[in-house]
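**Q** Sharing a structure here in C-alpha cells format.
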Amino acid sequence: MPWDLDNDRPIYLQLMERIQHDIISGVYQPGDKLPSVRDLALEAAVNPNTMQKALSELERSGLVYSQRTSGRFITDDKALLRRMKRELAEEHIQQFFDQMHHLGFSDEDTLDMITEALKGEKQ
Amino acid sequence: MLGKLIKYDLKASAKLFILLHALFLAACIFCRMLFINRLDFIHSSEQSLVTAIAIITSLMIFLIVALNLGSWLLITFRFYRNLFSREGYLSWTLPVSGLQHLWSKIISGYMYMALSTVVIGAGVLILVSGRNVVEAYSTIEPEVTEELGMSISSFAVSLFLYSIFACISTVIMTYFCITVGQLFPGHRILCALAAYFITNLVVQFLSLFLAFAFGYSPGYSSAFISDGKPIAESIWGTITLSTFLMIILSILQYIITHIIIKKKVNLL
Amino acid sequence: MRSILECQGLTKKYGDFFALSNLTLTLERGQIIGLLGPNGSGKTTLIKLANGLLIPTDGHIMINGLAPCPDTKKIVSYLPDRSFLNERMRISEILTFYSDFYDNFSMERAEKMLDALEIDRCARLRTLSKGNKEKTHLALVMSRDADLYILDEPIGGVDPAARDYILQTILTNYNENATVLISTHLIADIESILDRVIFLQNGQLALNALVDEIRTQYGKSVDALFREVFKC
C-alpha cells in the first residue's frame, strides 16, 4: 500500500515523520536494520531520491546511522529514543490544547473533561 | 543490423507471399492438365483453337497481373506501415539508421519482386512446356526465329532477365512515391498516389519522346518488317532505351528518397 | 559525464504553428521528471524530437551530447502514446524482436513481468485486453537497461489499480543513474514519484523545479499549482 501523503507539505518531511513515528512507536526495534532506500521507496510508492533525502535527514537527527557496507540501522541510544518519544507526545498534547483553546475551553475545563472521559472509559 | 532488418521485413509478408504464389503455381498446373494438355493443335478446327487459346491466355495474363500486383502491394504496405504508420514509432527508434531501413526495404522488396517474377516465369513454363504445344510450335519455329532474330527460348530468357532487372526500378519508384507523400503530413497517401501518377506520366512521356527520337516507335513495327528488319530489333531498341531511362530514373529517385529519409522524416 | 538531455533554442514549427519555441532545458541523470502541460503545450513534440521522430526547425537537442542517431537510440527507451507494435505478432516474437535489436534488453526481466501479468507467449498482441496491451508495452520498454526512459502518457485513461501497477513497474525497473521522463496531465497520480517537474505552456518552459521545492515555496501540491497556473 502506498503511504498516505498530504498534498501541501514537502514529501521528504512527511516520509521522515512517518519513519520517525515507526521507530518511536516500536515498529522498528532499536538496532534493527532498515530496509534499503529502494525497498522503502517502493513500499511508499515514492521517488527513491526523496526517500534518500528523508533518511539522510533522519541520520542527521541521530535516529538512524549508516554503516558503509551493510546499510542503515536504528539507533541503539535508548535515551535518545525516549527523549524523542517524549518530545513527540508533548507536541501532540500541545496541538490538542491549541485546538481546545480554539474551541474556547480553558485549560482547567479541558483537564476536567479529560478526567471525566477517562472515568467513562474505565467503567 | 541490416541483416536483422531484412529478416524481419521478409518474415512480415512471408506467409501471404508464399500462399499467393503457391496458389498461382497450382492454377498453372491445373490449367495445363485440364485444358492445355487436351488441346489438339493438329486436328481441331482453327476457330475453336483460337477461342480456347484466347480464353486461356487472357485468364493467365489476368492471373499474372494479379499476382504481380499482389506482391507489389505486399512490399508497398510493408514499407508504408513499417516506417510511416504508428509502427514507425518503433522502427525509427531502433538503433539503426534511416539508410539501413531504406536499404533493408529495397533489398527485401527486390527479393520479393524478383522471386515473384521467377515464379511467374516458372508458371509460364509449366503452361507451355507440354508436348502438344512444343510439337505445334516446331511447325512455325523457323518463321518465328527469323522474325525474332534468335530462338524463342533465348528471347524468353532475355525478356525474363530484363523483367528481373526491371523489378529494382519498380521497388525504388514505389518507395520514392511513398516517401515523397510523407512530406505532406495531412495527405500522405493521396500525395503518394499523386507522386506515383506524375512519375508514371513523366516516364511515359520520356519513353515516347525517346522512342520517337531514336525511331523505335512500336506503331511503325510493320514498316520495319517490310524493310526486312526483324521485330526483335525494334523490341530490343525499345528495351535498351527503357532500360537506360529506368536506370537514370531509379538513380534519381533513389537519391531523392535517400535525402528525404536522412533529413526530412517527421512522424506526426 | 554529459547531462542526459539538453535542448538549446529548440524550435519546432508545423506550418505557422509553433509547437515548441526556443526551448532551452537540461535534464540531469538519476532523476524522475514529470513533463507537464495542457494539451497542445508541446510535450509530445519535445518527446518526439528527443527520439529523432521529428527534425527540429531550429536549435539543437542532444542526448548524452549527441543529436538523435542510432547511438542515442541505444540508450533511450521510449514508450509512445499509442500502440507501436505490429499487432499481428505473437508475444514471443515481440520478445525475440526486442532482444535482436536492443543489446540492453533483459529477457529475464521481461519474462518476469509478463509472468506476473499471466500473459500467454503464444497469444498475438491484438488478442490481449486493452489494459494488458498497455502493460505489455510498458514491460517491454522498462525491460531495457536504458540511460533515459521517455514515457508519453503512460497512465492516461487507466484505472487506479493499473496506475499503481505502472508506477511500481517504473520504480522497480529503472536504475538509479538513469533518468525517467514521464509526460502526463494527471499530475496528482504521479506526483509522489517525481523528483522534478517541467511545465510547458504554448511551447515554452513555464516552470522547472523540484517537487519538494514547489511544496515548500508555495505550500501546495504541484497538482494544485498546476491547476492555478493553467486554469482556463
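Protein chains in written order, with the numbering used here: chain L, 1 to 123; chain F, 1001 to 1268; chain S, 2001 to 2232.
A virtual CB, placed ideally from N, CA and C, is assigned to each residue, including glycine.
Hey, Arg18 of chain L and Arg2215 of chain S are a contact pair by Cβ (cut 8 angstroms); roughly how many whole angstroms apart?
**A** Between Arg2215 of chain S and Arg18 of chain L the Cβ distance is about 16 angstroms, and since that is not below 8 angstroms, they are no contact.
**Q** Measuring only the C-alpha atoms, how far is Gln95 of chain L from Leu103 of chain L?
**A** One alpha carbon belongs to Gln95 of chain L, the other to Leu103 of chain L, and they sit about 13 angstroms apart.
**Q** To the nearest whole angstrom, what separates the beta carbons of Asp2195 of chain S and Ile2075 of chain S, a pair I think is in contact under 8 angstroms?
**A** Contact flag wrong, Cβ pair sits at about 20 angstroms.
**Q** So, under 8 angstroms CB-CB, Ile11 of chain L and Val2211 of chain S are touching, yes? Tell me the CB distance rounded to an integer number of Å.
**A** 7 angstroms
**Q** Kindly indicate which residue of S:Lys2048, S:Thr2026 and S:Gln2204 has the alpha-carbon position closest to the one of Phe2018 of chain S.
**A** S:Gln2204
**Q** Residues of chain F with CB under 7 angstroms from Phe2101 of chain S, in chain order?
**A** By Cβ distance, chain F contributes Lys1004, Leu1094 and Pro1095.
**Q** Mind checking Val2222 of chain S: buried by the 16 CB within 10 Å criterion, or exposed?
**A** buried
**Q** If you drop the 5 nearest sequence neighbours on each side, which residues of the same chain put their C-beta closer than 7 angstroms to that of Gln14 of chain L?
**A** Excluding sequence positions up to five before and after Gln14 of chain L, its CB lies within less than 7 angstroms of the CB of Leu5 and Asp6, all in the same chain and listed in chain order.
**Q** In chain F, which residues lie with their C-beta within 8 angstroms of the C-beta of Leu2085 of chain S?
**A** Glu1087 and Leu1090
**Q** Between the Cα of Trp3 of chain L and the Cα atoms of L:Gln29, L:Gly31 and L:Leu40, which residue gives the shortest distance?
**A** L:Leu40
**Q** Which first and last residues belong to the alpha helix (DSSP H) in which Cys1167 of chain F is found?
**A** Ile1152 to Gly1181
**Q** Determine, using beta carbons only, whether Leu2053 of chain S and Tyr1175 of chain F come nearer to each other than 9 angstroms.
**A** no
**Q** Alpha carbon to alpha carbon, what distance is there between Asp2071 of chain S and Asp2147 of chain S?
**A** Cα to Cα, the separation comes out at about 12 angstroms.
**Q** Which residue's Cα is closest to the Cα of Gln1182 of chain F: F:Val1096, F:Val1065 and F:Lys1263?
**A** F:Lys1263
**Q** Give a yes or no on whether 9 angstroms exceeds the smallest Cβ distance from Lys2130 of chain S to chain F.
**A** no
**Q** Counting only runs that start and end within the segment 2019-2052 of chain S, where is the beta strand (DSSP E) found for 3 or more residues in a row?
**A** 2032-2036
**Q** At least one CB of chain F closer than 9 angstroms to the CB of Leu2054 of chain S: is that the case?
**A** yes
**Q** Would you tell me roughly how many angstroms separate the C-alpha atoms of Ile1261 of chain F and Ala2067 of chain S, rounded to the nearest one?
**A** 16 angstroms
**Q** Considering only C-alpha positions, which residue in the set S:Ile2094, S:Tyr2014, S:Ser2099 and S:Phe2101 is nearest to Ile2119 of chain S?
**A** S:Ile2094
**Q** Does Lys1263 of chain F have its Cβ less than 9 angstroms from a Cβ in chain S?
**A** The beta-carbon of Lys1263 of chain F is placed less than 9 angstroms from the nearest beta-carbon of chain S.
**Q** What does Asp8 of chain L touch in chain S if you count any residue whose Cβ is under 8 angstroms from its own?
**A** Arg2215, Gly2219, Lys2220, Ser2221 and Ala2224
**Q** Going by the CB atoms, is the gap between Phe1041 of chain F and Ala1156 of chain F shorter than 9 angstroms?
**A** no
**Q** Using a Cβ-Cβ cut-off of 9 angstroms, state whether Leu55 of chain L counts as contacting chain S.
**A** Interface annotation, Leu55 of chain L: not in contact with chain S, CB-CB separation never under 9 angstroms.
**Q** Report the three-state DSSP secondary structure of Lys85 of chain L (helix, strand or coil).
**A** helix
**Q** Check whether the segment 1160-1174 of chain F touches the segment 1100-1120 of chain F, taking contact to mean three or more Cβ pairs, one atom from each stretch, closer than 8 angstroms.
**A** yes
**Q** Where are the beta strand (DSSP E) runs, 3 residues long or more, that stay fully inside the segment 17-50 of chain L, in chain order?
**A** none
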